[in-house]
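Encoded as structure tokens, the structure appears first; notes follow it.
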Amino acid sequence: MSGSSIENTSNWLLALNMLPLVQDIGLAGCQFDNFPQSLPFVNFTSLSLLDLSGASLWDFSNNSKVNSSLPEWLFRITSLQFLYLSASEFTELIPSGIGNLTSLMFLELEDVDIDAGIPSSLSNLCELGTLDFSGSTINSQLDVFKASFSGCIKNSLQELDLRNTSLSGNMPDWIGDLNNLYILDLSFNSLSGSIPTSFCKLSTLQVLFLYNNKLNGTVPECLGNLSEVKYLALSSNALIGVISEYHFSNLTELEDMDLNSNSLDLNLSYNWVPPFQLDYLDFSGCKLGPQFPSWLQTQKSLAHLDLSSTGISDSVPNWFWNSMTNLSTVFLANNELHGVIPNAIKFSDDTDLSIDLSSNFFEGPVPIFPSNTAELDLSNNSFMGPIPDGIFQLMPNLRMLALAMNKINGGIPSSMCNSQLITISISNNNLSGELPNCQNNTQLVGLDLSNNNLSGGIPKWLCESPQFQHLHLRKNSLSGELPPSLKTCKKLDTLDLGGNMFTGRIPIWLGELSSLKILSFKSNKFVGQIPMELSNLTVLRILDLSNNKLSGSIPMTFGNFMAMRNPLTNIRSILNITTGNYGENMILDIKGREDRYGSILLSQMTILDLSRNSLSGRIPDELTNLLGLLVFDLSSNDLTGQVPSNIGDMMELEYLDLSRNKLSGAIPSSLSNLSFLDFLDLSYNNFSGRIPTGKQMNTFVDPKIYVGNQYLCGFQINVSCTDQPSQTPTNVSEDADENRKEILRLCLITIAGFAVGFWAISGVLLVNKRFRIWWFRYVDSLYDSLYVTSRVWFARLKKKMSKINATDG
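Numbering (full-length UniProt numbering), first residue to last: 1 to 809.
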């Protein structure tokens, strides 16, 4: 009956209660209109299994859930052995009455809220072997539940799963008293302190998962006595100290070992012979080097090996390439491995291979790996020469290829077109020529050929793949206009074409690429106005149009970039963090420094850079709606007017550059509110008055920030505002000069026009009677019009002259 909507639940339960021989009741996912809190008598004398996973109480008339606790009579079914309550919508799922279920052997409570904690009556369940709270919200310190595990349950419990339950506090000693435990999973919590030595008493333990916590201190050496342990995972903690051979001395059954992301120093002798045969080994982030571990050749069953960032500075021995025939995952990245990789490599041929040798010192030609290689990362090494012509035929299963940051030259083999590649990264090399003309490439998702010497244009075939998302072609010699075929890339989220020679206008159809998050046309030769259609890109987080030949005004609608309007809540000081490989990555130039940002940080970056163009007009007030903006650069344009007074509302700003424009007026005092502002440049404008002080503005005391603004004053530039001479700021003086020139031109035009017109009209009046009548009527009407116009003009002129006199005085 799982998944049913059950009305008249009370009558149905009463009828079911009359069947004492029922053993299993499965009601997972059911919706009840009423769950009676009492029964006249409980007749489920043979019931051993009850499944209420995902069950809930509903008001069918309003189609809404109703809060209700589980009925008391349910905890009087003493024959129950298996109780499933995962993801159920009832409240108080484990009341104190749980201790009455003395036959219970299995209790599953995944993904529920256990606000009241674990009752002490749980300790009475002398038959309970499996207790699964994984994914539930307990939100408490683990140590407070000592009483719940102190009775006979400590002798019966075999499996305790508390992963991802929001537990905190120190790891308690009492867990070591659960003397029949064979599975203990406390992963993905916030448990702290050291690993208690009492864990060494868990002689039957087969699975110990303590990863992703906040554990510190050293690893007890006595853990090496847990001779039954098969799976040991202590990764992603803050453990320190030395791990010696004694830590593994009796782990004869060990199959999986994960110690990654700790500060552990693995002190294992070169000739050590481990007592175990591993399938899975992850020491990444620990110190293992400098020698390549010779003892690995004893691990004939090893399938997964991760020795990334372990401080190995050695060559890889030939036996590793030739005898590790079960390896399917090989991660040796971020070490100082060197030498030439042979082409004859013997890894597992039963499954797809994933190989990451990035960020080492390997050299020689690009090697060919086994035909079942699916993912290959050789980036950031010293491989040289061309990409082998047959690489894609010899590795037909290749889906991900990363050869970035090497010394590879030549062209891109046309055989790439027939590959199964999903992502390709060959950036930061010396590739030349044009991109190959591929057809029917329908699986490509990402292409990064940045920082090479490629020429030609963007091929039309890129968007033949409906899944195509990332295009990085920055810093090449590509040219021409953007092909209209790009507008068919409906899933494109990154278009990075900076540092090329693209020309023409920015096409308005870019506004149709609604998935775009990153758009960079930096340092090209685009001309014309910025299309306001770009403001339709509601998920756009990075817009960089800097260093082009764009003109016109900044579209007011840019204030509608919704992804830039939302303040960040989960990351801070992002400009001071860079990252390596997190999948897609991109070079960003911020604060005059180029850094590589990985996909995690890219997803948080918000940048609007329109600098080094010929943009004019005012800074639209609407741009101050971009409350989540981190980087705001409008420098080196021809912008005029005042800076919007509410720019201080952009509280996330860390970088603001308005230098080298024609901005005027006072510097807004609201800048003091930008508490995260780390870079500010207002130089070479026409700002006047006192430089704002207080809060964050007190940190910007470098005079270079304000240089080129003659009429500013303040302690930041060592100019007293009381001593500052009263002079006409540049923009007012220019207005005054222009007004004087206007008066002079008016006078000269009037005199010349009067002389010519007088003699021309007088001659006609003398000889033509009809013209004389028309003329005197026209003069009469013209007098009225000129009278009104002149009064308006002189009123405006008087206002301007009074402004000039005030500044001169």
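Built from N, CA and C at the ideal position, the CB exists for glycine as well.
Below 7 Å CB to CB, which residues in the same chain sit around residue i once its five sequence neighbours on both sides are set aside?
i, result
"LEU677", "LEU653, GLU654, LEU656, GLN696"
"ASN548", "PHE521, ASN524, LYS525, PHE526, ASN613"
"CYS222", "THR197, CYS200"
When you compare only the Cα positions, how much space is there between residue i and residue j?
i, j, result
"ALA404", "ILE195", "42 Å"
"THR325", "LEU74", "55 Å"
"GLU86", "GLY129", "It is worth fixing the name first, because residue 86 is Ser in this sequence and not Glu. C-alpha separation (whole angstroms): 17 Å."
"SER166", "THR137", "6 Å"
"PHE106", "PHE248", "33 Å"
"ILE422", "MET395", "14 Å"
"ALA760", "ARG618", "The predicted model places ALA760 with a pLDDT of 45, which falls under 50 and marks its position as unreliable, so this point remains unresolved."
"CYS152", "ILE94", "18 Å"
"residue 862", "GLU336", "Given that the chain is displayed from residue 1 to residue 809, the structure contains no residue 862 and the question cannot be resolved."
"LEU519", "THR494", "6 Å"
"TRP321", "ILE355", "12 Å"
"LEU431", "ASN437", "16 Å"
"ARG474", "GLY498", "5 Å"
"residue 811", "VAL445", "Residue 811 lies beyond the range of the chain shown here (1 to 809); nothing can be said about it."
"ILE530", "LEU588", "21 Å"
"GLU434", "TRP509", "25 Å"
"ASN372", "THR329", "12 Å"
"SER294", "PRO274", "11 Å"
"ILE577", "THR606", "Summary for ILE577: the model assigns pLDDT 37, below 50, so the residue's position carries little reliability; its value from the coordinates is reported in the next sentence. For ILE577 and THR606, the distance between alpha carbons rounds to 14 Å."
"GLU127", "SER38", "26 Å"
"PHE188", "PHE209", "9 Å"
"SER308", "GLY241", "19 Å"
"ASN62", "LEU332", "59 Å"
"LEU615", "GLY708", "20 Å"
"GLY552", "LYS287", "57 Å"
"LEU47", "GLN31", "21 Å"
"LEU181", "ASN418", "54 Å"
Whose C-beta lies closer than 6 Å to the C-beta of residue i among residues of the same chain, with five residues either side of it excluded?
i, result
"PRO668", "VAL643, SER645, ILE647"
"GLY410", "PRO386"
"TYR280", "ASP256, HIS304"
"ASP282", "ASP258, ASN260, ASP306"
"GLY364", "VAL340"
"LEU378", "LEU357, LEU403"
"LEU610", "LEU545, LEU634"
Using the beta-carbon count (16 or more within 10 Å), is residue i buried or exposed?
i, result
"PRO20", "exposed"
"TYR231", "buried"
"SER358", "buried"
"GLU72", "exposed"
"TYR711", "buried"
"PHE561", "buried"
"SER235", "buried"
"PRO703", "exposed"
"ASP389", "exposed"
"GLY480", "exposed"
"ASP132", "buried"
"ASP349", "exposed"
"PRO40", "exposed"
"GLY224", "buried"
"PHE44", "buried"
Between residue i and residue j, which are expected to be in contact by the criterion C-beta below 8 Å, what is the C-beta distance as a whole number of angstroms?
i, j, result
"residue 825", "GLU89", "Residue 825 cannot be examined here, being either before or after the span of the chain that is shown, 1 to 809."
"ASN441", "SER477", "Contact flag wrong, Cβ pair sits at about 23 Å."
"ASP633", "SER546", "7 Å"
"ASN237", "ASN262", "6 Å"
"residue 810", "LEU191", "Residue 810 falls outside the range modelled here, since the chain spans only 1 to 809, and no answer is possible."
"ILE705", "ASP681", "6 Å"
"LEU125", "GLY99", "7 Å"
"SER103", "SER123", "Not really, about 16 Å apart at Cβ, beyond 8 Å."
Tell me which same chain residues have a C-beta within less than 8 Å of the C-beta of residue i, skipping the five on either side of it?
i, result
"SER315", "PHE292, LEU337, HIS338, GLY339"
"LEU215", "MET171, LEU191, SER192, GLY193, SER194, ILE195, LEU234, ASN237, ALA238, LEU239"
"PRO119", "ILE94, PRO95, SER96, ILE98, GLY99, SER148"
Taking 7 Å as the cut-off, is the CB of residue i close to at least one heavy atom of the ligand GTP?
i, result
"ARG541", "For the ligand GTP, the structure offers nothing, since it holds no ligand at all."
Of all the CB atoms in chain C, is at least one closer than 8 Å to the CB of residue i?
i, result
"PRO507", "Annotation note: the requested chain C is absent from the structure, which comprises a single protein chain."
(request) Taking 8 Å as the threshold, find out whether the stretch 619-627 comes into contact with the stretch 487-495 through three or more Cβ pairs. (result) Touching, no, given that fewer than three Cβ pairs across the two stretches are closer than 8 Å.
(message) Under 8 Å, with one C-beta from each stretch per pair, do the stretch 340-358 and the stretch 286-301 reach the 3-pair mark?
(response) Cβ pair count under 8 Å is below three, so no.
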